[in-house]
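2 protein chains.
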Amino acid sequence: LQVVHHNQQVTTTLGTVGILGGTGAQGRGLAFRLAKAGYDVILGSRDQERARQAAEGLGDRVTGSTLRGAVEGAAIVIVAVPWDAHAQTLTDLREELEGRIVVDCVNPLAFIDRAPVALKVDEGSACQQAAVLLPGSRVVGAFHHVAAPLLLDESVTELNTDVMVVGDDVPACEEVVQMIDSIPGLRGVRCGTLADAGQVEALTVNLIRINRRLKVHAGIRITGL
Amino acid sequence: LQVVHHNQQVTTTLGTVGILGGTGAQGRGLAFRLAKAGYDVILGSRDQERARQAAEGLGDRVTGSTLRGAVEGAAIVIVAVPWDAHAQTLTDLREELEGRIVVDCVNPLAFIDRAPVALKVDEGSACQQAAVLLPGSRVVGAFHHVAAPLLLDESVTELNTDVMVVGDDVPACEEVVQMIDSIPGLRGVRCGTLADAGQVEALTVNLIRINRRLKVHAGIRITGL
């Protein structure tokens, strides 16, 4: 792939990524970073007008569309909807998502008395639920621990965290690792199958605990690699 | 506390730590590092003679004893038994462990077709099981991700990993953090309550996945602190 720079603008594309739940902070943050890295990004929302507004300020490569619109043009689709909307959103888009790489970054969490709590998921994890609901898709878990405020902070030029990548489809995982590695400061690390996703998702609770206690945006690095 | 050095020997002690399951690689590895840091360590085993043998080569500060012997002299007791022996060992020592800080580092894992699998625990986690079985003890979870081969490798002078510490008793957690921080290269990071322990324990599966794939001893650092 040849990337040509004109006036600091990347004019070719690394590909198109759709983001379901693209109006949330996580979705917008990932869009911003992926666009900077050279991807075209379509934010998908049930409300297309909100998606268009959410795309503003994230650069020329980021556009807003419907949920279906975000899937149709994209080879890789990131699921960044709230946990409450996870099952329904995927069920509604089952056919459209067929054959695509679906990157699930949803954390099944609730806040009880203001404390973060990892929720039990019948299928074992959000990722496994996605795999059950999308038998024709290539489900990969990633981006669970990346702090949205850092993603959206333009002054943070280099993120400082690894991204744990889980999935049963190794080539799909490798494509996602490549996408992650295109973002400065991120490094994708494959660390298991979909059956190993639950603890990766739930660990977000522990990071929130650290964030609140120390007023930081904690991330994770794997050492010894 | 005044630490006096004579001929490179630390002659005062930072305290005495007991290790249940002290003949295993994790127990011996922690003993080696804690003794180097200035703690007296008692390895406890059902077989006292095996405990004495396990203590050999770990330095003058490490001795072997029975399980009861490892508890009685220690303010802090590390539980490093195999998961299969977790409930019974703690049940048998309930009275002796009363009032003490019990550091649970047990990972409820199994290997199915040679693949590591996180086991479901009725109480939610090994740490929570410990808290149920030891209502009079101060249970803290820690050391889940520290690779035993690195702990035991004398050529590794500086370990390179954080230790996630969970617990409901904050002063007990802080004492454990202090103990962790005494070991070069380790840093204790409080990251939640006992209810948040399950995913910390289960994450060991993901690290084993990385270790096998890349032939490394992976650890974890928390970034952004």
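Heads up: the protein sequence lines correspond to chains A and B, in order. Okay, so the first sequence: first residue is 1 according to the numbering used here, each after it adds one. Okay, so the second sequence: first residue is 1001 according to the numbering used here, each after it adds one. Every residue, glycine too, gets a C-beta built ideally from N, C-alpha and C.
Taking C-alpha atoms, which residue in the options lies nearest to residue i?
i	options	result
residue 1224 of chain B	A:147, A:173, A:178 and A:194	A:147
residue 1213 of chain B	B:1154, B:1115 and B:1073	B:1115
residue 1149 of chain B	B:1119, B:1217, B:1034 and B:1158	B:1217
residue 101 of chain A	A:80, A:74 and A:56	A:74
residue 209 of chain A	B:1215, B:1208 and B:1194	B:1194
residue 1049 of chain B	B:1067, B:1083, B:1041 and B:1036	B:1067
residue 1107 of chain B	B:1072, B:1121, B:1171 and B:1170	B:1121
residue 37 of chain A	A:127, A:171, A:204 and A:158	A:158
residue 1127 of chain B	B:1083, B:1093 and B:1162	B:1083
Out of curiosity, what's the CA-to-CA distance linking residue i and residue j?
i	j	result
residue 1103 of chain B	residue 221 of chain A	24 Å
residue 206 of chain A	residue 1189 of chain B	10 Å
residue 1200 of chain B	residue 1176 of chain B	16 Å
residue 70 of chain A	residue 1130 of chain B	48 Å
residue 1086 of chain B	residue 1113 of chain B	23 Å
residue 97 of chain A	residue 1136 of chain B	53 Å
residue 1031 of chain B	residue 13 of chain A	54 Å
residue 154 of chain A	residue 77 of chain A	24 Å
residue 1133 of chain B	residue 125 of chain A	28 Å
residue 1211 of chain B	residue 211 of chain A	28 Å
residue 6 of chain A	residue 53 of chain A	Caution is warranted here: a pLDDT of 45 is assigned to residue 6 of chain A, below 50, making its placement in the model unreliable, and the coordinate value is therefore given only provisionally. When rounded, the distance between both Cα atoms is 27 Å.
residue 1094 of chain B	residue 1171 of chain B	21 Å
residue 1047 of chain B	residue 163 of chain A	44 Å
residue 227 of chain A	residue 1187 of chain B	Summary: the structure shown does not reach residue 227 of chain A, with chain A confined to residues 1 through 225, and so no result is reported for it.
residue 198 of chain A	residue 91 of chain A	20 Å
residue 1055 of chain B	residue 215 of chain A	42 Å
residue 1099 of chain B	residue 99 of chain A	57 Å
Spatial neighbours of residue i within its chain, please: C-beta separation below 8 Å, excluding the five flanking residues on both sides.
i	result
residue 160 of chain A	185, 219 and 221
residue 1196 of chain B	1166
residue 39 of chain A	13, 14, 15, 16, 17, 61, 179 and 182
residue 2 of chain A	Here the model assigns residue 2 of chain A a pLDDT of 46, short of 50, so the residue's position is not dependable and the matter cannot be decided.
residue 1089 of chain B	1020, 1021, 1067, 1079 and 1081
In chain order, what residues of the same chain have a beta carbon less than 6 Å from the beta carbon of residue i, not counting five sequence neighbours either side?
i	result
residue 1192 of chain B	1166
residue 1173 of chain B	1140, 1165, 1167 and 1190
residue 1110 of chain B	1117 and 1119
residue 1123 of chain B	1129 and 1132
residue 169 of chain A	138
For residue i, which residues in chain A fall below 8 Å Cβ to Cβ?
i	result
residue 1220 of chain B	220, 221, 222 and 223
residue 1216 of chain B	224 and 225
Under 7 Å Cβ-Cβ, which residues of chain B neighbour residue i?
i	result
residue 210 of chain A	1189, 1191 and 1222
residue 172 of chain A	Within 7 Å Cβ-Cβ: nothing; residue 172 of chain A doesn't reach chain B, min ~16 Å.
If I measure Cβ to Cβ from residue i and keep anything under 7 Å in the same chain, skipping five residues before and after, which residues do I get?
i	result
residue 1051 of chain B	1022, 1023, 1043, 1044, 1045, 1064 and 1065
residue 1152 of chain B	1025, 1028, 1029 and 1032
residue 1202 of chain B	1118
residue 1105 of chain B	1026, 1078, 1079, 1080, 1142, 1143 and 1144
residue 1156 of chain B	1150
residue 1035 of chain B	1041, 1058, 1059, 1061 and 1062
residue 72 of chain A	96
residue 8 of chain A	Residue placement at residue 8 of chain A cannot be trusted, given a pLDDT of 49 that sits under 50; what the coordinates show is reported in the next sentence. So the list is empty, once near-sequence residues are dropped.
Using the beta-carbon of each residue, which ones in chain B are nearer than 9 Å to residue i?
i	result
residue 161 of chain A	1223 and 1224
residue 199 of chain A	1118, 1198, 1199, 1200, 1201, 1202, 1203, 1204, 1205 and 1206
residue 165 of chain A	Those within 9 Å of residue 165 of chain A in chain B number zero; the least Cβ separation is about 10 Å.
Strictly below 7 Å CB to CB, what residues from chain A border residue i?
i	result
residue 1196 of chain B	205, 206 and 209
residue 1176 of chain B	Those do not exist, as residue 1176 of chain B stays about 16 Å from chain A at its closest Cβ, beyond 7 Å.
Run through chain B and tell me which residues come within less than 8 Å of residue i, C-beta to C-beta.
i	result
residue 213 of chain A	1190
Is any heavy atom in the ligand SAM found nearer than 7 Å to the beta carbon of residue i?
i	result
residue 1123 of chain B	This structure lacks the ligand SAM, and indeed carries no ligand of any kind.
### Query
Of all the residues that make up the region 1061-1090 of chain B, which are near chain A by a beta-carbon distance shorter than 7 Å?
none
### Query
Which residues, taken in chain order from the region 98-110 of chain A, show a beta carbon closer than 7 Å to some beta carbon of chain B?
none
### Message
What are the residues in the region 1125-1159 of chain B lying within 7 Å of chain A by C-beta distance?
### Response
none
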